[in-house]
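Each residue of the sequence shown is one higher than the one before, counting from 1 in UniProt numbering. Think of the CB as a built atom: it goes at the ideal place given N, C-alpha and C, for glycine as much as any other residue.
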Amino acid sequence: MKIRKATLKDIPQIYKAINNFASQDLMLPRSLNKLYENIRDFWVCEKKGKVCGCCSLHVIWKDLAEIRSLAVIKPEQNKGIGTKLIETTLKEAEDLKIKRIFMLTKLTKFFEKFGFKKVTKNALPRKIWSECVNCYKFPDYCDEVALVRES
Numbered sequence: 001m002k003i004r005k006a007t008l009k010d011i012p013q014i015y016k017a018i019n020n021f022a023s024q025d026l027m028l029p030r031s032l033n034k035l036y037e038n039i040r041d042f043w044v045c046e047k048k049g050k051v052c053g054c055c056s057l058h059v060i061w062k063d064l065a066e067i068r069s070l071a072v073i074k075p076e077q078n079k080g081i082g083t084k085l086i087e088t089t090l091k092e093a094e095d096l097k098i099k100r101i102f103m104l105t106k107l108t109k110f111f112e113k114f115g116f117k118k119v120t121k122n123a124l125p126r127k128i129w130s131e132c133v134n135c136y137k138f139p140d141y142c143d144e145v146a147l148v149r150e151s
C-alpha cells in the first residue's frame with residue numbers, strides 16, 4: 001500500500017470510487033471534467049497497481065483549504081486507508097502553512113478524531129459557496145455538516 005499524488009491515469013478509478021459513494025447519497029458526485037481540472041489536489045492510495053482510495057486538499061484562500069472526496073473502495077475499507085489519506089492531506093496543509101481546514105460531510109465522527117469540530121455553515125466564508133450554488137441540494141436540501149480544524 002502506497003500513498004502518492006494522483007496522476008492523470010488515476011482519474012477513471014478516482015471517478016468510479018467517488019461516484020459509487022455519490023450514487024448511495026454518501027457524498028457529492030464529481031464529473032470527469034472537475035477531476036481532471038483538480039488532479040493536483042488529489043492523493044491516492046495504490047495497492048497492487050490499483051487505486052483503492054482517494055482524497056483531495058483544495059486550497060481556497062491564503063489560510064483556508066477544504067478536504068474533499070475522501071473515498072475508499074469497499075473491499076479496502078476499515079484497513080486504515082482513509083486515516084492515512086486524511087493524515088497525508090493534513091500534512092500537506094501544514095507544509096503549505098494553511099491555518100484553517102474545513103469539510104462538508106455526513107461522517108462527522110470519523111473526522112472529529114483528527115481534531116475537526118462542527119460549526120454552522122454560516123461560520124464558513126462565502127468564498128466556499130461558489131461550488132455549493134451549483135449543487136443540486138443547494139440551498140434547501142443540503143444534509144452535510146460543516147467541520148473545521150484550526151491550527
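Label residue i either buried or exposed according to how many other C-beta atoms from any shown protein chain fall within 10 Å of its C-beta, with 16 as the threshold for buried.
i, result
"residue 119", "exposed"
"residue 53", "buried"
"residue 82", "buried"
Take residue i as the anchor and find which of the options has the nearest alpha-carbon.
i, options, result
"residue 5", "20, 22 and 84", "84"
"residue 67", "79, 27, 32 and 1", "27"
"residue 14", "148, 30 and 117", "30"
"residue 48", "107, 150, 124 and 1", "1"
"residue 25", "148, 55, 117 and 69", "69"
Output needed for residue i: all residues of its chain with C-beta closer than 8 Å, excluding positions within five of it in sequence on either side, in chain order.
i, result
"residue 36", "8 and 11"
Could you tell me the distance, in whole angstroms, from the CA atom of residue i to the CA atom of residue j?
i, j, result
"residue 111", "residue 40", "23 Å"
"residue 75", "residue 64", "33 Å"
"residue 77", "residue 109", "16 Å"
"residue 71", "residue 98", "23 Å"
"residue 73", "residue 114", "21 Å"
"residue 60", "residue 122", "16 Å"
"residue 57", "residue 20", "20 Å"
"residue 104", "residue 50", "27 Å"
"residue 23", "residue 106", "15 Å"
What does a CB cutoff of less than 7 Å around residue i pick up in its chain, not counting 5 residues either side in sequence?
i, result
"residue 3", "43, 45, 84, 85 and 88"
>> So within the UniProt domain "N-acetyltransferase" (1 to 139), which uninterrupted alpha helix (DSSP H) runs reach at least 4 residues, ignoring any that extend past its ends?
In response: 11 to 23, 32 to 37, 81 to 95, 108 to 112 and 129 to 132
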